[in-house]
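Counting from 15, one number per residue, gives the positions in the sequence shown under the numbering used here. Just so it is clear, CB atoms sit at the ideal spot from N, CA and C, and this is done for glycine as well. Since we're looking at a predicted model, the values are computed, not measured. Each remark here refers to the structure printed beneath this line.
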Amino acid sequence: VLFQKLCKLEYFRSGTDSQFRIERLMDLVNRSYFYKVDNIQGWGYRHYFAYYSEFQRSSMTIKAVETFFLFLIFTSAQLGNMLTLLTVVRNKPLRTTTNIFIANLAIAGNLFTLWIPLIAITRVKESWVFGDFVCGLVHYVEYVCGVSSIFTVVLISFDRYKNVVMYHEKQWSTDRAVIYIIVIWIVCIVVFFPSGLYFYVEEFPLNEQTVKICTQVLPKVTVNLSYIFMIPVVLLGFCLPAFLISFNYFRIFRTLWRSRNKMSSNPSLASLSTALDTSATTDLAASRGKPGVGNLHSTRNQRDFKVIRRLLYVVVPFILLWAPVFACLLLILHDEVTERFTLSSQFYLFSMCVAYVNASMNPLFYCLKNENFHKGIRNVLTWIMPVSVWSWCTTRGQCDDFMDNCIEGVMNRCIKTGEQRKKYVPRPPSNQEL
15 VLFQKLCKLE YFRSGTDSQF RIERLMDLVN RSYFYKVDNI QGWGYRHYFA
65 YYSEFQRSSM TIKAVETFFL FLIFTSAQLG NMLTLLTVVR NKPLRTTTNI
115 FIANLAIAGN LFTLWIPLIA ITRVKESWVF GDFVCGLVHY VEYVCGVSSI
165 FTVVLISFDR YKNVVMYHEK QWSTDRAVIY IIVIWIVCIV VFFPSGLYFY
215 VEEFPLNEQT VKICTQVLPK VTVNLSYIFM IPVVLLGFCL PAFLISFNYF
265 RIFRTLWRSR NKMSSNPSLA SLSTALDTSA TTDLAASRGK PGVGNLHSTR
315 NQRDFKVIRR LLYVVVPFIL LWAPVFACLL LILHDEVTER FTLSSQFYLF
365 SMCVAYVNAS MNPLFYCLKN ENFHKGIRNV LTWIMPVSVW SWCTTRGQCD
415 DFMDNCIEGV MNRCIKTGEQ RKKYVPRPPS NQEL
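Now the structure itself:
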């Protein structure tokens with residue numbers, strides 16, 4: 015039945031290699047797709063995407079590599095986010111508005127990556143062995159925690175924007191930050207609740223045995239529910255947050271760049287340093303008692319390229335690490351509509367691993383560049399394990415120095431170019447040119 019349906023597809027009607035294409039497609043179906051009659055939602059014959067399962071893989075090396083990286087990501091994400099959360103909880107001076115958002119980011123990251131061991135077991139055993147309830151729970155928690163962490167990053171960008179651009183207005187309090195966080199969690203829990211209900215286990219015959227996959231099947235109605243669910247998820251869960259984050263940080267950068275030309279003291283500069291880099295504030299405060307315009311320029315340049323580096327650390331990784339998983343969700347929707355089976359579950363696993371990496375790197379983006387967090391992390395590590403091997407928390411690596419030098423060189427080049435343009439006076443034309 016599946017072979018006859020594939021032959022009817024417009025994609026395989028023409029071309030001398032149609033039989034070869036069908037053989038390749040049948041191979042993909044046997045690994046990442048299955049096809050049978052759906053008697054639950056009323057679809058009749060339809061295909062099912064395997065998500066985390068992938069069958070008929072002869073190489074054990076691929077399974078070993080996948081398992082190694084999955085547990086590596088799981089360990090780093092759990093330890094890093096837990097350390098960040100303990101640092102905020104155990105150090106009262108760190109309980110600021112931004113750090114409350116960072117603590118929520120750590121909670122969402124821990125819950126988001128909590129299911130990696132189950133995924134690793136599924137990649138090895140191929141068949142899903144954890145039942146219907148865990149099947150729906152895993153995908154439901156991933157949707158809720160993933161989108162919650164994304165909008166937490168949006169709130170951080172708004173908080174920094176208010177501290178820098180709208181410094182004259184009343185800033186967000188920690189109580190308001192907690193309220194925003196609760197609202198985000200409630201909205202995500204309610205919105206994605208139906209998605210967890212339609213993830214369940216399906217059984218299929220394969221090579222004289224029965225295999226199980228955890229897959230999603232939405233009810234069949236007059237309107238395609240896949241469009242109604244997936245398109246808003248991509249637009250509101252990724253496109254809108256990416257635009258808001260980029261726009262807020264662009265306005266922060268624009269405010270910073272305009273403030274460079276002002277030699278007098280500006281309150282936004284102090285707010286900017288406090289919001290984006292605590293070490294820059296320390297440098298600025300230490301240099302206020304020292305005379306000389308050169309020192310002021312040097313301090314401003316140091317602060318500026320630190321802030322620009324922080325902006326790059328936030329915006330670029332967010333877009334690069336979250337885009338693959340949302341693109342993969344669109345490809346799953348494309349396969350469901352066109353029935354061309356172009357997506358392998360290995361690509362879906364890769365996109366999820368990239369999102370897991372983002373959850374494990376959030377502490378690096380927001381915490382380890384802050385001197386106050388350095389001290390808090392050192393105190394927590396001393397409380398957990400009083401060993402001096404954690405001295406790296408207070409030192410800066412060669413990678414940071416390389417990034418600093420690159421950004422500082424680009425900024426100095428732009429400054430020199432601007433000064434040369436201001437000093438440039440066009441010479442009068444010579445007699446020969448006339």
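From the options, residue whose alpha carbon lies closest to that of residue i
i, options, result
"LEU249", "PHE165, VAL225 and LYS226", "PHE165"
"GLU353", "ARG60, CYS228 and VAL161", "ARG60"
"ALA256", "LEU363, ASN95, PRO208 and ALA337", "ALA337"
"ILE259", "ALA64, THR98, PHE172 and LEU86", "PHE172"
"ASN449", "GLY123, VAL328 and VAL215", "No information on residue 449 is available, as it lies outside the stretch 15 to 448 that the chain covers here."
"GLU385", "PRO107, MET96, GLU68 and GLY94", "PRO107"
"ILE198", "ARG71, TYR62, SER163 and TYR370", "SER163"
"PHE387", "PHE332, ALA78, TYR62 and THR112", "THR112"
"SER90", "PHE69, ILE193, ILE130 and ALA64", "ILE130"
"ASP189", "PHE332, LEU347 and THR110", "THR110"
"LEU343", "ASN95, PHE115 and TYR65", "TYR65"
"ILE391", "LEU211, HIS182 and LEU93", "LEU93"
"PRO219", "TYR370, LEU232 and PHE69", "PHE69"
"ASN95", "LEU86, ALA78, LYS77 and LEU125", "LEU125"
"MET366", "LEU128, ILE266 and PHE379", "LEU128"
"PRO246", "TRP271, GLU217 and CYS202", "CYS202"
"ASP146", "ILE170, LEU211, VAL192 and VAL79", "LEU211"
The beta strand (DSSP E) enclosing residue i, as first and last residue numbers
i, result
"THR229", "223–230"
"PHE213", "213–220"
Alpha-carbon to alpha-carbon, residue j and residue i
i, j, result
"MET74", "LEU84", "15 Å"
"PHE144", "LYS226", "10 Å"
"LYS184", "ALA117", "23 Å"
"MET180", "ASN376", "26 Å"
"SER285", "ARG104", "Low local confidence applies: a pLDDT of 48 at SER285 is under 50, so the model's placement there is unreliable, with the coordinate-based value given in what follows. Approximately 25 Å, taken between the alpha carbons."
"TRP186", "LEU325", "21 Å"
"ILE135", "ALA373", "21 Å"
"TYR175", "SER141", "48 Å"
"CYS228", "SER273", "54 Å"
"VAL168", "LEU254", "10 Å"
"PHE364", "THR224", "26 Å"
"LEU335", "VAL161", "13 Å"
"PHE88", "ALA122", "14 Å"
"ARG323", "ASN221", "54 Å"
"ILE195", "SER72", "46 Å"
"PHE264", "LYS234", "44 Å"
"ILE76", "GLU217", "25 Å"
"ALA191", "ILE200", "14 Å"
Cβ shell of residue i (< 8 Å), same chain only, five flanking positions each side left out
i, result
"SER209", "HIS153, TYR154, TYR157, GLN230 and PHE243"
"GLN360", "SER46 and GLU68"
"PRO331", "ASN372, MET375 and PHE379"
"LEU232", "GLN55, TYR212, LEU239, SER240 and PHE243"
"LEU132", "PHE144, VAL148 and VAL152"
Alpha helix (DSSP H) segment containing residue i, residue limits
i, result
"TYR241", "239–248"
"PRO233", "PRO233 -> no alpha helix (DSSP H), and no H or E assigned at all."
"ALA369", "359–380"
"ALA64", "Element bounds for ALA64: n/a, residue is neither H nor E."
"TRP142", "That residue, TRP142, is in no alpha helix (DSSP H); it is neither H nor E in DSSP."
"ASN262", "254–273"
Close-in-space but distant-in-sequence residues of the same chain around residue i (CB under 6 Å, 5 per side omitted)
i, result
"PHE340", "VAL248 and PHE252"
"LEU345", "LEU357"
"GLU350", "SER240"
"LEU347", "SER240 and MET244"
"ASP52", "ARG60"
"SER405", "Low local confidence applies: a pLDDT of 49 at SER405 is under 50, so the model's placement there is unreliable, and no value is given."
Proximal residues to residue i (C-beta, below 7 Å), its chain only, five neighbours per side dropped
i, result
"THR81", "ALA134, ARG137 and VAL138"
"CYS149", "TRP142, PHE213, TYR214, VAL215 and CYS228"
"VAL394", "LEU97, LEU100, THR101 and ARG104"
"PHE206", "TYR154, TYR157 and VAL158"
"ALA369", "GLY160, LEU335, TRP336 and VAL339"
"TYR362", "TYR65 and CYS342"
"ILE170", "THR112 and PHE115"
"ILE333", "ALA256"
CB contact check: residue i to chain C, cutoff 7 Å
i, result
"VAL161", "Among the protein chains of the structure shown there is no chain C, as only one such chain exists."
* In the stretch 79–138, which residue ranges form an unbroken alpha helix (DSSP H) of at least 4 residues, counting only runs that do not cross its ends? -> Those alpha helix (DSSP H) runs which fall completely within the stretch 79–138 and span 4+ residues are 111–126.
* Hey, which unbroken runs of the beta strand (DSSP E) at 3 residues or more fall wholly within the stretch 154–206? -> none
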